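The block underneath contains the structure these notes are about, expressed in structure tokens.
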Amino acid sequence: MVLFCLGLEGTAHSFGAGVVTDEGKVLSNEWDMLKPEQGGIHPREASRHHSDLGPKIILTAIEKAGINFSDINLIAFSRGPGLGPCLRTTATMARTLALKLDVPLVDVNHCVAHIEIGCLESEFNDPVTVYVSGGNSQVIAFAGGRFRTFGETLDIAIGNMLDVLGRELGMGFPAGPIIEKLANEGSNFHNLPYSVKGMDLSYSGMLTAAKKLFSEGVPIPDICFSVQETAFGMLAEIAERAIAHTKKQELLLTGGVARNNRLTEILKGVSERHSTKFHRVSPSLAGDQGAMIAWNGILQFKAGHTIGISNSHVLPKWRTDEQDILWRA
Ligand code: AMP
Ligand code: MG
851 MVLFCLGLEG
861 TAHSFGAGVV
871 TDEGKVLSNE
881 WDMLKPEQGG
891 IHPREASRHH
901 SDLGPKIILT
911 AIEKAGINFS
921 DINLIAFSRG
931 PGLGPCLRTT
941 ATMARTLALK
951 LDVPLVDVNH
961 CVAHIEIGCL
971 ESEFNDPVTV
981 YVSGGNSQVI
991 AFAGGRFRTF
1001 GETLDIAIGN
1011 MLDVLGRELG
1021 MGFPAGPIIE
1031 KLANEGSNFH
1041 NLPYSVKGMD
1051 LSYSGMLTAA
1061 KKLFSEGVPI
1071 PDICFSVQET
1081 AFGMLAEIAE
1091 RAIAHTKKQE
1101 LLLTGGVARN
1111 NRLTEILKGV
1121 SERHSTKFHR
1131 VSPSLAGDQG
1141 AMIAWNGILQ
1151 FKAGHTIGIS
1161 NSHVLPKWRT
1171 DEQDILWRA
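Take the sequence shown: its position 224, counting from 1, is numbered 1074 in my numbering, and each next residue is one higher.
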């Protein structure tokens, strides 16, 4: 019998619902991202977005999967890390559905889900993963029963840095794709803080310095070009060191910023130098979406893990390396 899992993702500005089978077939993957007209994301507004649009997105995901609610065997939800109000709204929907349909509930770590959906798509077994998004910048690999964070940002995430810079430069949200496009028109490189500390990164100094270049009249394409080269070079350095240390044979790029072609090109270069395989997760599975939560839910369920409603409180600061990865043990 085929198992159907409905996965709900709602850690930050996006709400997603996806249906995946235990054979790893993604039957549907619906989502919507809150795009504030000005300023950043307010957790309360994002959670309202999720409660307003969530039910419709869930219905569409079920419909597009070609199943009925009664076919669902399992509900998975993003338990953390993320913004408290968004996590709670999403968890409430998941608990309600699990109770109503009388099916098990599974709690999923958002960052781990990004890695596992990447492994499903690439057929990788044990990669070094570069996970770059609006809220996270991490280099992760499996060791000793858990996904270990080998390096990460010490302050803001790379996607957040690009979005905040874009806002200062008068771009819409999200700014990442606009910066990528303009960077192709830039050619003059300006020095920006290249901040790698051991295996960790810092992007806040670069943001300040890039804003200063703008105030000095440096053309926007040159700023975009310089920011991309510096920010992506930093990531490549720690990814390369992670490969050298772990001797893993696969390099996986995922998260919303994985949509960037220049970053992909640079990391591909790293993988070629180390003779590892390389995969960039396809755009529909790279950002925050429900299919990755559903697939991770299946993996956990098959390893014998479910969670009771009364224990299912959200974990806004749940780190990648705080979960025993039972299905890889
Ligand atoms: P996520 O947090 O995974 O949903 O991804 C959203 C983030 O990805 C935002 O910060 C976007 O600016 C960023 N992003 C999306 N497309 C690109 C791109 N082509 N280049 C750089 N960043 C991007
Ligand atoms: Mg994410």
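Each residue gets a CB set at the ideal place from its N, CA and C atoms; glycine is no exception.
Predicted model, so just to flag it, every value in this text is computed and none were measured.
- Beta-bridge pairing by DSSP links Q988 to Y981, E1002.
- Below 8 Å, too few C-beta pairs join the region 980-999 and the region 1157-1164 to call them touching: fewer than three.
- Distances between the C-beta of G984 and the heavy atoms of ligand 1 include at least one below 6 Å.
- Here F1039 carries a coil assignment [DSSP, helix/strand/coil].
- Contact fails between the region 1067-1086 and the region 963-973, because fewer than three Cβ pairs, one in each stretch, are under 8 Å apart.
- For a cut-off of 8 Å, the C-beta gap from A1108 to R1130 is around 6 Å, short enough to register as a contact.
- Sixteen is the threshold: when 16 or more other Cβ atoms of the shown chains lie within 10 Å of the Cβ of A896, as they do, the residue is buried.
- Residue burial annotation: M1011 is buried, with at least 16 other C-beta atoms found within 10 angstroms of its C-beta.
- Three or more Cβ pairs drawn from the region 973-982 and the region 1079-1096 lie within less than 8 Å of each other, which places the two stretches in contact.
- D1138 has its Cβ nearer than 6 Å to a heavy atom of ligand 2.
- At least 7 Å separates the beta-carbon of A911 from that of A944.
- Contact between the region 1137-1147 and the region 1116-1124 is not established, with fewer than three Cβ pairs separated by less than 8 Å.
- Looking at the DSSP output, F997 sits in a beta bridge with F992.
- For R1109, the shortest C-beta to heavy atom distance toward ligand 1 is below 6 Å.
- As computed with DSSP, H1129 is found in a beta bridge with L1102.
- The secondary-structure analysis by DSSP pairs S864 across a beta bridge with M883.
- Burial of V982 is indicated by the presence of at least 16 other C-beta atoms within 10 angstroms of its C-beta.
- A direct Cα-Cα distance of roughly 11 Å separates L1149 from L853.
- When S901, M1056, I922 are compared, the shortest CA-CA separation from G1009 is found for M1056.
- For L856, the number of other beta carbons within 10 angstroms of its own is at least 16, and it is reported as buried.
- For G890, the distance from the CB to the nearest heavy atom of ligand 1 is not below 6 Å.
- Not one heavy atom of ligand 1 is found less than 6 Å from the C-beta of E1115.
- Its chain contains C855, G857, V956, V958, I1143, A1144, G1147 as the residues whose beta carbon lies nearer than 6 Å to that of A926, once the 5 sequence neighbours on both sides are disregarded; these appear in chain order.
- Apart from sequence neighbours up to five positions away, the residues of its chain that approach M883 with a beta-carbon distance below 6 Å are H863, S864, ordered along the chain.
- In this chain, the beta strand (DSSP E) harbouring L856 covers 854-859.
- Within the same chain, G1026, E1030 come within 7 Å of N1110 by CB-CB distance, once the 5 residues on both sides are set aside.
- If you look at G930, you'll find it in the beta strand (DSSP E) that goes 924-930.
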